Amino acid sequence: MAVQTVAPRTDSPVDLGPAAALSCRECGHRVPLGPVFACEECFGPLEIAYDFSAYDAEELRKRIEAGPANIWRYAPLLPVPADVADKPNLNPGWTPLVRADNLARELGVTGGLYVKDDSGNPTHSFKDRVVAQALEAARAFGFTTLSCSSTGNLAGAVGAAAARAGFRSCVFIPHDLEQGKVVMAAVYGGELVGIEGNYDDVNRFCSELIGDPAGEGWGFVNVNLRPYYAEGSKTLAYEICEQLGWRLPDQIVVPIASGSQLTKIDKGLRELIGLGLVEDRPYRIFGAQAAGCSPVSTAFKAGHDVVRPQKPDTIAKSLAIGNPADGPYVLDIARRTGGAVEDVTDEQVVDAIKLLARTEGIFAETAGGVTVGVTRKLIEDGVLDPALTTVVLNTGDGLKTLDAVAGTGLTATIRPNLDSFREAGLA
Ligand SMILES: *Cc1c(COP(=O)(O)O)cnc(C)c1O
Ligand SMILES: [Zn+2]
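Once you know that position 417 of the sequence shown is 408 in the numbering used here, the rest is easy, because the numbers rise by one and skip nothing.
Spelled out as structure tokens, the structure:
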């Protein structure tokens, strides 16, 4: 198999800030920055290698704190040019870290429970963080069309970012997604293509398109721009630590689709330790899946190092990747940090969505139901320590997955008078 690339339309050396090169996660082979994602030596995934050697911890902390209230406050740690905040971009991030005392009481957490609520991003999911990085890489490499294979949220994030930045967009989704996600992806005016198949079929199709002349000039944010895209998830780790007062959480519960977000949250935490921005002490990372698409938790519980693909069948469609690219790395991280990977049924997902809404006023999409449900299960099973500081991610907005809670509605319908109000038992 040849390494799949699309020739960039520029010869100029790229300026992506502190990003120095691409380096293979498996064998360490280094190549110059470019729209490549697989190692030419071993086909391992390429990651951004940085030069952070010039940073002084105290100066860097001050510079970050003085930065904008979005992910670009962390520009010195991301593969983006120094003037990124001046470019047309959706500027996501700096979302609330909600102290969830009511939920903590229900779950029996005493060490401090927080929800990192990413539903307030520009297109209402965490995907705006990763697309913002890919967009800067697409600009640097001279691409003119932004594209992706998506389980739903990514399609909307790419459509919106392309609209803001003046790119053409053409995105690919499974044909049977939630209406909220389809409309959200289509409204920005780009092309939206439904593929007859599941996400893994969509992804395979996109890989073919990249290798074809028809895909020339196309930046697929999660394929040929994946090394850049993936770095956006580090900003979740940075924000959580900064919002905790430059402190590591003891435990963090992260949803898993491809596993990219979880692996980059770990990378972000390790970078902060290495840079001296947080104290070096242990943290545990827990992964959360839906039972109907649980290839990583199945492998974790079986003690396997390899992840056997599954055919997804769950209401948590944003996490429905049956063959997760970063699955083996998630297993490594959960085991290395003393965490775990667990899954919950669709029924438990719905219960958890309602629990979070009822206790904290946060309406999560199904992925948030997965993390809250898994948190509850891990506490009940004695795996997650309720006496430690715990952060649970909500990565998307419940308005996009209304069907999951479709049974929820009116308490009563009454005539517009007080007798009717009293008869309904509401007085
Ligand atoms: C994409 C997505 C994730 C995580 O995706 P990874 O592929 O594991 O990085 C989590 N939550 C939501 C809502 C998503 O859309
Ligand atoms: Zn390699």
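Quick reminder that beta carbons are idealized off the backbone N, C-alpha and C, glycines included.
Since the structure is predicted, the reported quantities are computational estimates derived from the model, not experimental observations.
Check                                                                                                                        : Outcome
Simplified DSSP assignment, three categories, for Ser160                                                                     : strand
Beta-carbon proximity of Gly210 to Thr114, cut-off 8 Å                                                                       : no
Delimiting residues of the beta strand (DSSP E) encompassing Asp323                                                          : Per DSSP, Asp323 belongs to no beta strand (DSSP E); it is in the alpha helix (DSSP H), 318 to 328.
Proximity test, His20 beta-carbon vs ligand 2 heavy atom, cut-off 7 Å                                                        : yes
Buried versus exposed, by CB contacts within 10 Å (16 or more), Phe34                                                        : exposed
Cβ-heavy atom distance, Glu17 to ligand 2, below 7 Å                                                                         : yes
Status (buried if at least 16 other CB within 10 Å, exposed otherwise) for Ser285                                            : buried
Nearest candidate by alpha-carbon position, reference Ala76, set Ala156, Phe43, Val149                                       : Ala156
Burial state of Ala403, where buried means 16 or more other Cβ atoms lie within 10 Å                                         : exposed
Distance CB(Asp42)-CB(Ala11) smaller than 8 Å                                                                                : yes
Selection from Val297, Thr336, Asp109, Phe134 that minimises the alpha carbon distance to Ala307                             : Thr336
Coarse secondary structure for Gln280, derived from DSSP in three states                                                     : strand
Phe117 Cβ short of 7 Å to ligand 1 heavy atom set                                                                            : yes
Alpha carbon of Ala282 to alpha carbon of Asn80, nearest angstrom                                                            : 36 Å
Given Ala123 as reference, the closest of Arg52, Val340, Glu222 once Cα atoms are compared                                   : Glu222
Residue burial classification, Ala343 (beta-carbon count within 10 angstroms, cutoff 16)                                     : buried
Inter-residue spacing [alpha-carbon to alpha-carbon] between Glu270 and Leu200                                               : 45 Å
Buried or exposed by the 16-neighbour rule on C-beta atoms within 10 Å, applied to Asp2                                      : With a pLDDT of 45 at Asp2, under the threshold of 50, the modelled position of this residue cannot be trusted, and the question is left open.
Ala45 to Glu97 span [Cα, whole Å]                                                                                            : 46 Å
Separation of Phe354 from Asp388, as counted between CA atoms                                                                : 6 Å
Buried/exposed call for Ala293, threshold 16 Cβ in 10 Å                                                                      : exposed
Chain-order list of residues whose beta-carbon lies under 7 Å from that of Ala348 (same chain, five-residue window excluded) : Phe354
Distance between Ala40 and Gly111 (C-alpha atoms, nearest Å)                                                                 : 30 Å
Near ligand 2: Glu338 beta-carbon under 7 Å from a heavy atom                                                                : no
Opposing strand residues paired with Ser14 [DSSP bridges]                                                                    : Arg21, Glu38
CA-to-CA distance, Thr366 to Pro165, given in whole angstroms                                                                : 29 Å
Counterpart residues of Pro435 in DSSP-defined beta bridges                                                                  : Since the displayed the chain opens at -8 and closes at 418, residue 435 lies outside it and no answer follows.
Any non-hydrogen atom of ligand 1 closer than 7 Å to Thr142 Cβ                                                               : yes
Residue from Gln252, Thr386, Val321 whose Cα sits closest to the Cα of Pro87                                                 : Thr386
Same chain only: Cβ atoms within 6 Å of Gly505, ignoring 5 sequence neighbours per side                                      : Residue 505 lies beyond the stretch modelled for the chain, which goes from -8 to 418, so this question has no answer here.
Rounded separation between Pro67 and Glu50 - CA only                                                                         : 11 Å
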